[in-house]
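Top line first, the protein sequences correspond to chains A and B.
Residue numbering for the first sequence follows my numbering, beginning at 958 and increasing consecutively.
Residue numbering for the second sequence follows my numbering, beginning at 958 and increasing consecutively.
Note that the Cβ used here is the ideal one computed from N, Cα and C, for glycine as well.
None of these values were measured; they are calculated from a predicted model.
Below you'll find the structure, written out as structure tokens, and then a few comments.
2 protein chains.
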Amino acid sequence: MSSQRSGGRCGRAAKRAGSKAENAFDAAWLNWKNPYPPVEQFSADEIEAIHDASLKVLRDIGIKVLSADARRHYVNTGMSEEEDQVIRFDTDLLLDLLSKAPPEITLHGRSPHRSVTLGGPNVGISTSAGSPNCSDLQGGRRPGTQADFDNFARATQGFDVIHFFGPVVEPQDVPTHLRHFGMTRSVVTNTDKIPFVYFRGKQAVADTYEILRIAHGLSYEDFCNTPVSYSVANSNSPLQLDGLMCRGIIDAARAGQMMILTPFTLAGAMAPVTIPGALVMQNAEALAGMALSQIIRPGAPVCYGSFTSNVDMRTGAPAFGTPEYVKAAFASGQLARRYNLPLRSSAPTASNAPDAQATYETQMSLWGALMGGANMILHGAGWLEGGLTISAEKFIIDVEVLQMFAELFKPLQVNEATLGLEAIADVGHGGHFFGTQHTLDRFETAFYSPLLSDWDNFENWSDRGAVDATTRANQIFYDTVAAHEPPPLEPARLEEIDAFIARRTAEGGADIDR
Amino acid sequence: MSSQRSGGRCGRAAKRAGSKAENAFDAAWLNWKNPYPPVEQFSADEIEAIHDASLKVLRDIGIKVLSADARRHYVNTGMSEEEDQVIRFDTDLLLDLLSKAPPEITLHGRSPHRSVTLGGPNVGISTSAGSPNCSDLQGGRRPGTQADFDNFARATQGFDVIHFFGPVVEPQDVPTHLRHFGMTRSVVTNTDKIPFVYFRGKQAVADTYEILRIAHGLSYEDFCNTPVSYSVANSNSPLQLDGLMCRGIIDAARAGQMMILTPFTLAGAMAPVTIPGALVMQNAEALAGMALSQIIRPGAPVCYGSFTSNVDMRTGAPAFGTPEYVKAAFASGQLARRYNLPLRSSAPTASNAPDAQATYETQMSLWGALMGGANMILHGAGWLEGGLTISAEKFIIDVEVLQMFAELFKPLQVNEATLGLEAIADVGHGGHFFGTQHTLDRFETAFYSPLLSDWDNFENWSDRGAVDATTRANQIFYDTVAAHEPPPLEPARLEEIDAFIARRTAEGGADIDR
């Protein structure tokens, strides 16, 4: 049984999870592959019933489309326009359009190891996105600034288990017509994760794409054939697509950039109070929006977005990480696979503090999303308060859990060496395995080593001040920000970006409402 | 489509989860049935390789059995005794013995609705068990007392999602030879959940069974054919069964009471550093111990116990809720099903405080256990610090998550009413579902209503003092204790129990070391 003593690992550098310098480029962290078959909420017949009902909604009730341009595209393809801006969808035509969408999407990173594939077993994680506020233990909750945005970009860069950078917090100290310049410049200088592009009007989208094009050193033509960014279009549930979202869907499809169509279907509020009913609405809206992408450019990269949750029926407040949320996440995986499309899900919570509630609600959401087969987790790090705040401490708590999932997704090998019969015979009855060769050969890489968790005993932990996980997370967040190393960006490209921003600023920036 | 308006629910009393008086006897909370097929870590071939390796360990290395009585039973059945108290196991004989164990076990509650079935999709939850210390925000961490034990018993009685009452905390203010009297009297007066019986020597086990027999009003013969309690025998890993555990296994089998054989296989310490190797050892020890039950009484109720986790290789400290723990939990489900036996798993954490770490580690453990197909979750509420403490706040945090799982496990109906097409048509584009008949008919029971989570907005939450979840949990714990209602217990039985305890106390109690 000498084969189990493979040896040779002792000379290998110790790997410490969470320590970027030593841990960079762990392929399993950079490119997650979910090894588990997805958990299913419904039978195949039940999924077909939801599918059929959503097609019936699209055919008989239709979607109110507030953009004349988008309505024209739908009608030119053969959909019918009714009174009052409503588009009704021919079922065969719709399914034919959706069949052109790619089942797998590779988003290209500015550094080669940052490229991410979505679809099938592949999973990518994004930071939280779009919060007006940010919070930390030092400053409490406050409106976001450009400096806060920069800090979260730097923290994001520090963790390989995050693959996408969302617009973490709104820089409210920058006027809206210039805000996309500061945010996008921060992105390209602070992180090489795949960035998010807001659908805030034609000009802002075009400006953002131009900065990303320069940062990647791509020609216009190559840029339009190279997904390097992602955007989210939210339908205005129930059954409505507004002008800005239609504009963005069209612009992203033309630019060949990934668009996620996420209905905001809160059961009991903007969607039926029953989860199957809310899923019918989610499915109808998602299919309608993704179809517009395929009309504009067959094969445009689109992702099925699921965000179905429920409200507190006493107050109407949105709730997340609920049992109903988990069921909807499992079912959404089945629906996305029904159309052979990648699925975006989320890891949200309604908690107002980075506390136990935030932690269990986020884990319920995350387990539901990942075990349901989601390919992308948006709001994967930092989200609090139903998205109204991004929290420095919550960001680190989430990263710890994400790192655990990246390790969970690594398969285990069963062979003579790992079955360990020789070691078991050597140790015999009683005794321990600390000093055996089998252990010594493997101890440095055998187990996940935590970023945040403290496994010390109570006495030692108390002697160090009995610091709880949230407080430790604060320290780790700002340590990570302080240790930030900017990703490579050729000086000439940054110069070109700055010149572009200066020119466009002088021209008055962008009207974000059109 | 009028069938969807089933109506008639408006007159129904509002159900508030967590409010016992209104919520008692929800069958789905009292008898969990996991609707999801178990997640599998290994292929069938890999499970066979672990099975084969563990049988090889039992045949070639054997188990050191420190009880002469137990060795005699093994040898009389046909196993061989080697030098130095080691029993080696014939494979066919072992598998034949294990085939006699029941695949499903019903434990009988003192109140009929407290009976619990384990095995197949059935799941039961126990409190945390066996901590020397307890803690709460008021008093901090301190050695447990009988009063603390009583409080946790009362809190346990308040939540229907807990089915088993473990020995929550050690009453260190009671001398060891009398401790089982106070604990068992507290059990039968404070809760009708299925109780735990410690394997602390022949006399203490006999005393405890006698008190339970009286409380149930059973004859001696009926008691021995009615499982009303559970016990855990831990093997002294690696590959050792001590005298007290052997004694308990024999006593429980004779009394027809459920015994869980749980190896304490921490990978890297008492078990190989590889998870497959640790599972080989877990499986060998579990099979050997359960076989002893079947020798004593074929068909005795036994449960396969899984507790495999890993240690921190830098310090040797045990870790829980790790990625390795989850993988072992998934695999343990496969192993237990391989032998057609119920599986006990756990929801542990190494955290020293009822904080975010305690919460995410426990959720990792719990998801791993439940999605892996565990039938019983021991340490399901209150566990902290690797089991050294039970926490009042953690107890409530765990109950909230358990209630969410009980709701998650309720299946969803997909039919014309739940698909909600009529409601979707009624609301149309824009608008909301708050006031529709479809919502009004269902809003009171549509969603889980939380015990602990606060879904209010930041401003209202702040106005109420910005109280975090852990602090809210403390209040809920002591409110539950204060609202405790003792379960029914006929006065004559309590008199008989008290007379028995008085007599046995006068006789000197029990020597818990033999």
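Do residue j and residue i have their beta-carbon atoms positioned less than 8 Å apart in this structure?
i, j, result
"Ala1110 of chain B", "Pro1311 of chain A", "no"
"Arg1045 of chain B", "Met1036 of chain B", "yes"
"Tyr1317 of chain B", "Ile1354 of chain A", "yes"
"Val1154 of chain A", "Gly1339 of chain A", "no"
"Leu1218 of chain B", "Ser1186 of chain B", "no"
"Gly1246 of chain B", "Leu1198 of chain B", "yes"
"Ala1112 of chain A", "Phe1352 of chain A", "yes"
"Met1227 of chain A", "Pro1184 of chain A", "no"
"Gly1343 of chain B", "Pro995 of chain B", "no"
"Thr1102 of chain A", "Asp1130 of chain A", "yes"
"Leu1244 of chain B", "Leu1094 of chain B", "no"
"Ala1285 of chain A", "Leu1327 of chain A", "no"
"Ala1163 of chain A", "Gly1213 of chain A", "no"
"Leu1300 of chain A", "Ala1058 of chain A", "no"
"Pro1445 of chain A", "Ser1068 of chain A", "yes"
Let me check one thing: in DSSP terms, what residues is residue i bridge-paired to?
i, result
"Arg1461 of chain B", "Its beta-bridge partners do not exist; DSSP assigns none."
"Gly1076 of chain A", "A:Asn1079"
"Arg1098 of chain B", "B:Ser1092"
"Met1215 of chain B", "B:Tyr1187"
"Ala1276 of chain B", "B:Asn1267"
"Gln1197 of chain A", "A:Lys1021"
"Phe982 of chain B", "Phe982 of chain B is not bridged to any residue."
"Lys1150 of chain B", "According to DSSP, Lys1150 of chain B bridges with nothing at all."
"Ala1224 of chain B", "B:Ala1228 and B:Asn1267"
Any beta carbon from chain A within less than 8 Å of residue i's own beta carbon?
i, result
"Phe1264 of chain B", "no"
"Glu1342 of chain B", "yes"
"Gln1394 of chain B", "no"
"Gly1388 of chain B", "yes"
"Thr1113 of chain B", "no"
"Glu1003 of chain B", "yes"
"Glu1364 of chain B", "yes"
"Glu1452 of chain B", "no"
"Val1125 of chain B", "no"
"Ser1088 of chain B", "no"
"Phe1391 of chain B", "yes"
Can you give the Cα-Cα distance for residue i and residue j, rounded to whole angstroms?
i, j, result
"Val1043 of chain B", "Ile1018 of chain B", "8 Å"
"Ala1459 of chain A", "Ala1307 of chain B", "53 Å"
"Asn980 of chain A", "Val1283 of chain B", "With a pLDDT of only 44 at Asn980 of chain A, under the threshold of 50, the placement of this residue in the model should not be trusted; the figure read from the coordinates follows. Between Asn980 of chain A and Val1283 of chain B, the C-alpha separation is close to 22 Å."
"Glu1038 of chain B", "Ile1020 of chain B", "10 Å"
"Leu1015 of chain A", "Phe1366 of chain B", "31 Å"
"Ala1382 of chain A", "His1336 of chain B", "32 Å"
"Ala1276 of chain B", "Val1358 of chain A", "15 Å"
"Ser1322 of chain A", "Ile1232 of chain A", "15 Å"
"His1065 of chain B", "Gly1387 of chain A", "37 Å"
"Ala978 of chain B", "Gly1422 of chain B", "Caution applies to Ala978 of chain B, whose pLDDT of 44 falls short of 50 and renders its modelled position unreliable; the value that the coordinates give is listed next. Answer to the nearest angstrom: the Cα atoms are 29 Å apart."
"Thr1165 of chain A", "Lys1150 of chain A", "15 Å"
"Glu1127 of chain B", "Ser1000 of chain B", "42 Å"
"Ala1349 of chain A", "Ala1104 of chain A", "13 Å"
"Asp1425 of chain B", "Ser1410 of chain B", "10 Å"
Taking 8 Å as the CB-CB cut-off, is residue i touching chain B?
i, result
"Glu1318 of chain A", "yes"
"Lys972 of chain A", "Any answer about Lys972 of chain A is weak, because its pLDDT of 36 lies below 50 and its placement is not dependable; what the coordinates show is given next. Not one chain B Cβ lies under 8 Å of Lys972 of chain A."
"Leu1244 of chain A", "no"
"Ala1163 of chain A", "no"
"Gln1197 of chain A", "yes"
"Gln1095 of chain A", "no"
"Gln1314 of chain A", "yes"
"Ala1382 of chain A", "yes"
For the ligand GTP, I want to know if residue i counts as a neighbour, meaning its beta carbon is within less than 7 Å of at least one of the ligand's heavy atoms.
i, result
"Ala1212 of chain B", "Summarising the ligand content, the structure contains no ligands, and the ligand GTP is consequently not present."
Short-range partners of chain A found in the stretch 1211-1240 of chain B, where Cβ spacing is below 7 Å: The stretch 1211-1240 of chain B vs chain A, Cβ under 7 Å: Gly1225, Ala1226, Met1227, Ala1228, Pro1229, Val1230, Thr1231, Ile1232, Pro1233, Gly1234, Val1237 and Met1238.
Residues of the stretch 1297-1311 of chain A whose Cβ lies closer than 8 Å to any Cβ of chain B, in chain order: Residues Ala1307, Ser1308, Asn1309, Ala1310 and Pro1311.
In the stretch 1412-1429 of chain A, which residues sit with their C-beta less than 8 Å from some C-beta in chain B, listed in chain order? Trp1412, Asp1413, Asn1414, Phe1415, Trp1418, Ser1419, Ala1423, Asp1425, Ala1426 and Thr1427
Listed in chain order, which residues of the stretch 1024-1053 of chain B have Cβ atoms closer than 9 Å to some Cβ of chain A? Flagged, chain order: Asp1041, Gln1042 and Val1043.
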